[in-house]
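To start, the structure itself, in structure tokens.
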Amino acid sequence: KRKADSERAGEPMQTAILASYLEIYQEKMYDLLVSDRSDLQVRLHKDLGPHVPGLTQTPVASMQDVQDLLDFGAKHRAVGATCMNATSSRSHAVFTVDLRITSSIDGGTRDMQSKVNFVDLAGSEKQKK
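First residue of the sequence shown: 1, per my numbering; consecutive thereafter.
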């Protein structure tokens, strides 16, 4: 609705929705949206805060796109069998949806960004008796 209102007012607005999926396993980080397992590093950006250079950010346009990325990444996660779960996750995972909006206002531009992180923590099947 805001995009339509903005365009009617003569202020064009551009939007982008990007998704990324990373795994933290044995104190190393991996991009789950690529097939190779190269180690990634967290860096601190002066304006954006913590970020991961080289992490794949894939444009998404629908919930089906999001589901496809989740399915693809899940196939690359580290798993192992336990007594309680045959495919227990051995890693932490973070799926991030990044919304970016650029609008033209009074001859200038305004950039807005919002991120939502969905975190899956590796569980511990160890139980005390």
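All residues carry an ideal CB built from backbone N, CA and C; glycine is no exception.
Those residues which DSSP pairs with residue i across a bridge
i, result
"residue 104", "109"
"residue 48", "DSSP output for residue 48 lists no bridge partner at all."
"residue 43", "51"
DSSP state of residue i mapped onto helix, strand, coil
i, result
"residue 18", "strand"
"residue 74", "helix"
"residue 120", "strand"
"residue 97", "strand"
"residue 65", "helix"
"residue 27", "coil"
"residue 58", "strand"
"residue 37", "coil"
"residue 115", "strand"
Own chain partners of residue i with C-beta closer than 7 Å, once the 5 adjacent residues on each side are dropped
i, result
"residue 44", "50"
"residue 91", "23, 24, 25, 77, 78, 122"
Buried versus exposed call for residue i [16 or more other C-beta atoms within 10 Å across all chains shown]
i, result
"residue 112", "exposed"
"residue 73", "buried"
"residue 127", "For residue 127, the predicted model reports a pLDDT of 49, less than 50, meaning its position is unreliable; a value from the coordinates is still stated below. The residue is exposed, with fewer than 16 neighbouring Cβ atoms inside 10 Å."
"residue 55", "buried"
"residue 29", "buried"
"residue 95", "buried"
"residue 69", "buried"
Beta-carbon proximity of residue i to residue j, cut-off 8 Å
i, j, result
"residue 93", "residue 32", "yes"
"residue 20", "residue 57", "yes"
"residue 103", "residue 13", "yes"
"residue 15", "residue 105", "no"
Residue i at chain C interface by Cβ criterion, 8 Å
i, result
"residue 49", "The chain inventory of the structure shown lacks chain C, comprising one protein chain alone."
Neighbourhood of residue i by C-beta, 6 Å cutoff - its chain only, sequence neighbours within 5 removed
i, result
"residue 17", "60, 99"
"residue 116", "97"
Same chain, Cβ closer than 8 Å to residue i, neighbours up to 5 away in sequence not counted
i, result
"residue 53", "40, 41, 43"
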